[in-house]
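Chemist:
Residue numbers (the numbering used here): 10 to 644.
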């Protein structure tokens, strides 16, 4: 049932039910709501209810009416409106509240009704919190959220002003207060009963009350500030003639970061313990909003700092500041402008394709195509067709003529990845194509001229391959005019930390992950780990952690870099099998899941790789002699 709350100068507010079609308000005792006060007419105003809306209209033309600080003659009432009749202030509520006792009611009756009112105030507080939670979901602007929260608190407590104050300093949330040190405060948000920002906010707050809340980290309620033994002598209380004040601390990880302050200078004994508890709950909400805002600002600052640092540590899309990478960049810059062939060597996952792309981007051919072919991923009987193209009918399935990678890369760059996997018979044809810049399609006899630059890459030792008769020496010297060797990640020092942060920032946005950084332990583990799969392995670990982690910071365990659990002693045969399984999976990870390449590297039949993968997918149950999956491998 709708109510009017009448704020008396002393004692608890009185509550009147508005349940009739016509409710009169005035000084005369015959009114439904009798409110003696300066400026109140005998019959001042009336509230009309038409079955849907409540409207307030004047009864005395000389009487003044203000709703939420604005003068009115007639207006529709909504929940939370503050009505001023002369010096008397009334609050209109759409929710039921028990009517307060009249002056001549006995104390027991007053106590009983006050208890009901407290329950109703708690219910109203819960409703406000629910409504605020919905706004919290839909609004992202911190200033809007704080202003909306202050409006709710003012309406709920019947205060006429509210403030949110913050301890100054970027480290206020983490730096403990020093005993005897006065912490400076700034006003983050302020609102009045008209839902407007307060212009002279600093002069309407009691410094002594706020200081006590900040120092003791406990909420304070002051019913009559002038007469209060603790604050009555305060200069700010005396100067502003404060009456009712409530203040609750804002806490972050046990430390005070600010305060939520509300007051009413016209009414004494306005606030009670129930309202102070509700204020403390809203203070907790404000703390969470501010903590999230501070964290977001810190993360944005970190991102800006990382971006600024990367400006000096990036070479195109490649990140690195170690001496060996700087040497690579120096060579790359010199050879990029030429057309000489470049051989990029290094372990799997070190970024050879990125280097090839950067060569192309800095070359005169940058406007032409950049074409990649992985010589180890194409079946041997199709490689020639992939490289040089074929004509219709050249072999079974050749239903139409098709250009090869050489023709597609004309006027651009052809990147031959894993060149060490190319069969010997095709190495001869490749050498001829490189020497003469002419190719012949499979099934054709007509040569086609091509204008390309060739960049090749391998993780194999081609000189060793030459000694073993698996790679042609003349082709090696044709490709290896300039060699760019990429160091493994374990030899690049702090580069691994920078690369990890960049990868996390990139994939956290792509995967919509809540993760925003690494824990100190994770950074230490990243730097310490050898990363046999290099950047590709680091990238895979971070992607997996971003998907599975529920925290805002990645731990060593999230990256599978935690201390390994103590293993039990196994029979020699089982230990041998376990070592082989781990080693096969590690090599598979280095080869980015390429099973055929892994079988070649290990010198085993591809079916052996499938056997280990089947064991990985279907491990034996615990207690049956099976071995659990090794967390250090990524599929």
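Glycine included, each C-beta is placed from N, C-alpha and C at the ideal position.
Report the residue from 85, 74, 71 whose alpha carbon sits nearest the alpha carbon of residue 57.
Modeler: Mapped onto the chain shown, residue 57 falls at position 48. Closest option to residue 57, Cα to Cα, is 85.
Chemist: Please identify the residue among 77, 81, 61 whose C-alpha is closest to the C-alpha of residue 54.
Modeler: Position 45 of the chain shown, counting from 1, holds the residue named residue 54. Looking at the Cα atoms, 81 is the closest of the given residues.
Chemist: Per DSSP, which one or two residues make a beta bridge with residue 380?
Modeler: Taking the first residue of the chain shown as 1, we reach residue 380 at position 371. In DSSP, residue 380 forms a bridge with 423.
Chemist: Just to confirm, is the Cβ distance from residue 446 to residue 398 under 7 Å?
Modeler: Within the chain shown, residue 446 is the residue found at index 437, counting from 1. Within the chain shown, residue 398 is the residue found at index 389, counting from 1. No, Cβ-Cβ distance for residue 446 and residue 398 is not below 7 Å.
Chemist: According to DSSP, is residue 207 helix, strand or coil?
Modeler: Here the question's residue 207 lines up with position 198 in the chain shown. Shown here, residue 207 sits in coil according to DSSP, grouped into three states, outside any helix or strand.
Chemist: How is the beta strand (DSSP E) around residue 405 delimited, first residue to last?
Modeler: Looking up residue 405 in the chain shown gives position 396. Neither: residue 405 is in no beta strand (DSSP E) and is coded neither H nor E.
Chemist: Closest by CA to residue 99, which one among 50, 493, 42, 460?
Modeler: Residue numbering aside, residue 99 sits at position 90 when the chain shown is read from its first letter. Of the candidates 50, 493, 42, 460, 42 places its Cα closest to the Cα of residue 99.
Chemist: My parser needs the beta strand (DSSP E) runs of 3 or more residues fully inside the segment 327 to 365; what are they?
Modeler: 351 to 354
Chemist: CA-CA distance, residue 223 and residue 261?
Modeler: As a working mapping, residue 223 is identified with position 214 in the chain shown. As a working mapping, residue 261 is identified with position 252 in the chain shown. Their Cα atoms are separated by approximately 13 Å.
Chemist: What residue from 546, 300, 230 has the CA that sits closest to residue 281's CA?
Modeler: For the purposes of this step, residue 281 is identified with residue 272 of the chain shown, where counting begins at 1. Taking only the C-alpha atoms, the option nearest residue 281 is 230.
Chemist: Over what stretch of residues does the beta strand (DSSP E) that includes residue 15 continue unbroken?
Modeler: For this step, residue 15 is matched to residue 6 along the chain shown. Following the DSSP letters along the chain, one finds residue 15 inside the beta strand (DSSP E) bounded by residues 12 to 15.
Chemist: Would you mind giving the Cβ-Cβ distance between residue 348 and residue 462, rounded to the nearest angstrom? I have them listed as a contact below 8 Å.
Modeler: Within the chain shown, the letter at position 339 stands for residue 348. Within the chain shown, the letter at position 453 stands for residue 462. With a Cβ gap of about 5 Å, residue 348 and residue 462 count as contacting.
Chemist: So what's residue 571 in DSSP terms, helix, strand or just coil?
Modeler: Working through the chain shown from its first residue, we reach residue 571 at position 562. Three-state result, residue 571: coil.
Chemist: Judging by CA-CA distance, which residue of 26, 168, 25 is the nearest neighbour of residue 91?
Modeler: For the purposes of this step, residue 91 is taken as the residue at position 82 of the chain shown. Of the listed residues, the one whose Cα sits closest to residue 91 is 168.
Chemist: Is there a C-beta anywhere in chain C that falls below 7 Å from the one on residue 459?
Modeler: Note that chain C does not occur in the displayed structure, where there is just one protein chain.
Chemist: Less than 6 Å between C-beta atoms, sequence neighbours within five positions excluded: which residues of the same chain meet that for residue 608?
Modeler: The residue given as residue 608 occupies position 599 in the chain shown. Taken in chain order, the residues that qualify are 615, 618.
Chemist: Between the segment 502 to 518 and the segment 371 to 391, do at least 3 Cβ pairs fall closer than 8 Å?
Modeler: no
Chemist: Does the distance between the C-beta of residue 563 and the nearest non-hydrogen atom of the ligand ZN fall short of 6 Å?
Modeler: Summarising the ligand content, the structure contains no ligands, and the ligand ZN is consequently not present.
Chemist: Checking 7 Å against the spacing of the C-beta atoms, do residue 254 and residue 16 come in under that value?
Modeler: As a first step, residue 254 must be located in the chain shown, where it is residue number 245. As a first step, residue 16 must be located in the chain shown, where it is residue number 7. The answer is no: Cβ separation not under 7 Å.
Chemist: Can you tell me which residues form a DSSP beta bridge with residue 32?
Modeler: Working through the chain shown from its first residue, we reach residue 32 at position 23. According to DSSP, which records beta bridges pairwise, residue 32 is partnered with 56.
Chemist: Roughly how many whole angstroms lie between the Cα atoms of residue 410 and residue 460?
Modeler: Locating residue 410 in the chain shown gives position 401, where the first residue counts as 1. Locating residue 460 in the chain shown gives position 451, where the first residue counts as 1. Rounded to whole angstroms, residue 410 to residue 460 spans 21 Å at the Cα level.
Chemist: Tell me which residues share the same chain as residue 62 and place their Cβ nearer than 7 Å to its Cβ, disregarding the 5 neighbours each side in the sequence.
Modeler: Position 53 of the chain shown, counting from 1, holds the residue named residue 62. Cβ neighbours of residue 62 within its own chain (closer than 7 Å, five residues either side excluded): 85.
Chemist: Quick one: grab the DSSP three-state call for residue 516.
Modeler: Residue mapping note: residue 516 aligns to position 507 of the chain shown, counting from 1. It is helical.
Chemist: Which partner residues does residue 560 have in the DSSP bridge list?
Modeler: Taking the chain shown and counting its residues from 1, the one referred to as residue 560 is at position 551. None, per the DSSP bridge assignment.
Chemist: When the distance is taken between beta carbons, is residue 200 closer than 7 Å to residue 156?
Modeler: Reading the chain shown from its first residue, position 147 is the one you call residue 156. Reading the chain shown from its first residue, position 191 is the one you call residue 200. Against a cut-off of 7 Å, the Cβ pair of residue 200 and residue 156 comes out as a contact.
Chemist: Residues in the same chain with beta-carbon distance under 7 Å from residue 401, minus the five sequence neighbours each way, listed in chain order, please.
Modeler: As a position in the chain shown, residue 401 is number 392, starting the count at 1. So the list reads 407, 408, 409, 410, once near-sequence residues are dropped.
Chemist: Excluding the five sequence neighbours on either side, which residues of its own chain have a C-beta within less than 6 Å of the C-beta of residue 539, listed in chain order?
Modeler: Here residue 539 is taken as the residue at index 530 of the chain shown, counted from 1. In the same chain as residue 539, and ignoring 5 residues on each side of it, the C-beta atoms closer than 6 Å to its own belong to 499, in chain order.
Chemist: Skipping 5 residues on each side, what residues in its chain have a beta carbon closer than 8 Å to that of residue 562?
Modeler: One-based indexing of the chain shown puts residue 562 at position 553. Same-chain partners within the cutoff: 524, 525, 526, 527, 528, 531.
Chemist: Please state the DSSP three-state secondary structure of residue 22.
Modeler: Counting from 1 along the chain shown, the entry for residue 22 is found at position 13. Correct three-state label for residue 22: coil.
Chemist: Give the list of continuous alpha helix (DSSP H) stretches no shorter than 4 residues that lie fully inside the segment 447 to 501.
Modeler: Complete alpha helix (DSSP H) runs here, min 4: 471 to 476, 482 to 488.
Chemist: Short of 6 Å in beta carbon distance, which residues of its chain neighbour residue 412, apart from the five on each side in sequence? Order them along the chain.
Modeler: Here residue 412 is taken as the residue at index 403 of the chain shown, counted from 1. Hits under 6 Å: 398.
Chemist: My output table needs one value for residue 200: the three-state DSSP class, helix, strand or coil.
Modeler: As a first step, residue 200 is located in the chain shown; it is residue number 191 there, counting from the start. Correct three-state label for residue 200: strand.
Chemist: Need the endpoints of the alpha helix (DSSP H) that residue 170 sits in, please.
Modeler: Your numbering for residue 170 matches position 161 in the chain shown. Not the alpha helix (DSSP H): residue 170 falls in the beta strand (DSSP E), residues 170 to 176.
Chemist: Quick check on residue 538: does DSSP put it in helix, strand or coil?
Modeler: Residue mapping note: residue 538 aligns to position 529 of the chain shown, counting from 1. In this structure, residue 538 counts as coil in the three-state DSSP scheme.
Chemist: On the CB-based measure, 16 or more other CB atoms within 10 Å of its CB, does residue 359 come out buried or exposed?
Modeler: Translated into the one-based positions of the chain shown, residue 359 becomes position 350. Classification for residue 359: buried.
Chemist: Does the distance from the C-beta atom of residue 429 to that of residue 471 stay below 7 Å?
Modeler: Reading the chain shown from its first residue, position 420 is the one you call residue 429. Reading the chain shown from its first residue, position 462 is the one you call residue 471. It is a contact, given that the beta carbons lie within the stated cut-off.
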